[in-house]
Amino acid sequence: MSSYDVIVIGAGPGGYVCAIRCAQLGMKVAVVEGRATLGGTCLNVGCIPSKAMLHATHMLHEAEHNFASMGLKGKAPSVDWKQMLTYKETVVGQNTGGIEFLFKKNKIDWLKGWGSIPAAGQVKVGDDIHEAKHIIIASGSEASGLPGVEVDEKTVVTSTGALELGKIPKTLAVIGAGVIGLELGSVYARLGSDVTVIEYLDAITPGMDVEVARQFQKLLTKQGLKFTLGAAVQGVSVKNNKATVTYKLRKDDSEHTLTADTVLVATGRKPFTAGLGIDALGIEMTPRGQIKINTNFATNIPGIYAIGDAVEGPMLAHKAEDEGMAVAEGIAGQHPHVNYGIIPGVIYTHPEVSSVGETEETLKQQGRAYKVGKFPFMGNARAKANFAGEGFVKILADKNTDRILGAHIIGPMAGDLIHEICVAMEFGAAAEDLARTCHAHPTYSEAVREAALACGDGAIHA
Ligand code: NAI
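Per our numbering, the sequence shown starts with residue 1, numbered consecutively.
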């Protein structure tokens, strides 16, 4: 039996970041992980491999659509699917290996296997019981699935199977127009698949600023994705390696089918807590199956904490990371704080979509007086040069105080551009603060400044 200050269960972005922070703060730390490699869903079968596929297929798109007009003549590249998957695996390996290196550097023990908590202060891995003053559950999430839909990860897949298909499907049906459905739908549309996205609601990406969501749908449609909105999927049947999705249109209850080579089920994720011993310990859960925690990430059982996808809040790697650092700092006696009002969200399609803070819809619901500053990328010189003039930056600011309340970007590098606004919001900035900050020319960032200017006397290039 070994004894630790902290044992973290799960080596995803929440767990591994937490472990590193604990080690930096002088604690003796171990992480329990049952996968063959560290990094959790994000590094192994989520954020990182999907970004590799998005990058590769975006390059293909550029070659097919924009090279010739830049004077780069020649045949567009053909796709070597096996090599593309190898490239993806290499990227994953570099990242998961990187975490292993960081564990060694920080003297963090990796307890290999799936952990459970037989009692407060104990973690069982295989036949071994380890002691810990503090146990942090960072066990993540799994695809939530749909009734009547059986996933085999070959014909009917979650994001995991979609990242390792045997071949590029001629036809792909995507259930759910959320982040996963649209990112992976884009990948396969660029690879030539005929992609249809079936979504229960009447709009894509629920929760997103409606103006951005509309523009996003328009651009994706231009890229070849088809959308069937307001459609409730009833089930999927598989015959001769083809899958048939049955759905009902909500407006008239009429039943329809769609047959495809592959069906991607992307209807959300749920906390993954099976096997931990939650029930026997009496850990309180929320009605939505998340581990209930207080503002210090503590469960109702002393010495047991939980963070990331297993608890409430957006299921995002960076939210889990922030919670991982905060719980470590709290255990060390510091006074950390996670600002849940300023957690950016990014969809890594092309163009990218990003958001932070309030949307126009949430501000209206709150009855707040706000103003909108908008700037199209068509007015940005760098974007025009790079065939990236589609989309806009939208900043929402308090009508009276000019304080920035939210921002929404659809356009090139939107996922990076949003952080300037996050920092500004963290410092309580007014739109004028951004507008008066010198931005290098020619950069995409100028579009952010112009949107801030548009909150005041007006953008220059619009
Ligand atoms: P999601 O919650 O983003 O979207 C699910 C969609 O499925 C919703 O639009 C919902 O209305 C629809 N839906 C549900 N039931 C349906 C039915 N019966 N018929 C038709 N449509 C139905 O979930 P998603 O895309 O699976 O992602 C899961 C989680 O992973 C999310 O929390 C997401 O934020 C996170 N994630 C984040 C990424 C990023 O930050 N770039 C990338 C991938 C995942």
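In this text, a Cβ means the ideal position worked out from N, Cα and C, and glycines have one as well.
Annotation for residue 343 indicates a beta carbon at 8 Å or more from all heavy atoms of ligand 1. Counting every other CB atom within 10 Å of its CB across the protein chains shown gives residue 348 a total of 16 or more, marking it as buried.
For residue 87, the enclosing alpha helix (DSSP H) begins and ends at 81-105. A distance below 7 Å between beta-carbons, with the five flanking residues on each side excluded, links residue 100 to the following residues of its chain, in chain order: 38. In this structure, residue 267 has its CB closer than 8 Å to one or more heavy atoms of ligand 1. When distances are taken from the beta-carbon of residue 179 to the heavy atoms of ligand 1, the shortest one is below 8 Å. The residues 29, 30, 31, 32, 111, 115, 123, 130, 132, 134, 135 and 136, in chain order, have a CB closer than 8 Å to that of residue 7 in the same chain once the five nearest residues on each side in sequence are set aside.
Judged by DSSP in its simplified three-state form, residue 223 adopts coil rather than helix or strand. Close CB contacts of residue 230 within its chain, under the 8 Å cut and outside five residues either way in sequence, are with 199, 200, 201, 202, 249, 250 and 251 (chain order). DSSP, read as helix, strand or coil, puts residue 317 in helix. Per the coordinates, the alpha-carbon of residue 342 lies some 22 Å from the alpha-carbon of residue 439. Using a cutoff of 8 Å, the CB of residue 7 does not count as near ligand 1, since none of the ligand's heavy atoms is closer than that. For residue 132, the enclosing beta strand (DSSP E) covers residues 128-137.
Shown here for residue 227: same chain residues with a beta carbon closer than 6 Å to its own, the five before and five after excluded, namely 197 in chain order. The region 313-331 and the region 372-387 do not touch, with fewer than three beta-carbon pairs separated by less than 8 Å. Classified as exposed, residue 335 has fewer than 16 neighbouring CB atoms from the shown chains inside 10 Å of its CB.
Following the DSSP letters along the chain, one finds residue 390 in no beta strand (DSSP E), marked with neither H nor E. In this structure, 233 is the residue among 218, 233, 83 and 407 with its C-alpha nearest to the C-alpha of residue 256.
Residue 298 is not a Cβ neighbour of residue 180, given a cutoff of 9 Å.
The shortest CA-to-CA distance from residue 40 to any of 62, 141 and 66 is the one to 141. According to DSSP, residue pairing for residue 403 in a beta bridge involves 430.
Collapsing the DSSP output to three states places residue 272 in coil. Linking residue 361 to residue 93 through their CA atoms gives a straight-line distance of about 41 Å. As a beta-bridge residue in DSSP terms, residue 142 pairs with 270. The secondary-structure analysis by DSSP pairs residue 264 across a beta bridge with 157 and 174. From the listed residues 165, 67, 98 and 446, the smallest Cα separation to residue 13 is found for 98. Under the 10 Å beta carbon count, residue 4 is surrounded by 16 or more other beta carbons and is classified as buried.
Using a Cβ distance threshold of 9 Å, residue 286 and residue 312 count as a contacting pair. Two segments are said to touch when three or more pairs of C-beta atoms, one from each, lie closer than 8 Å; by this definition the region 156-164 does not touch the region 57-71. Across the structure, residue 96 and residue 403 are spaced so that their CA atoms are roughly 40 Å apart. When beta bridges are read from the DSSP output, residue 122 appears opposite 119 and 131. For residue 14, the shortest C-beta to heavy atom distance toward ligand 1 is 8 Å or greater. Counting along the chain, residue 371 sits inside the beta strand (DSSP E) bounded by residues 370-376. One Cα belongs to residue 344, the other to residue 437, and the distance between them is close to 21 Å. For the pair residue 395 and residue 415, the CB atoms are not nearer than the 9 Å cut-off.
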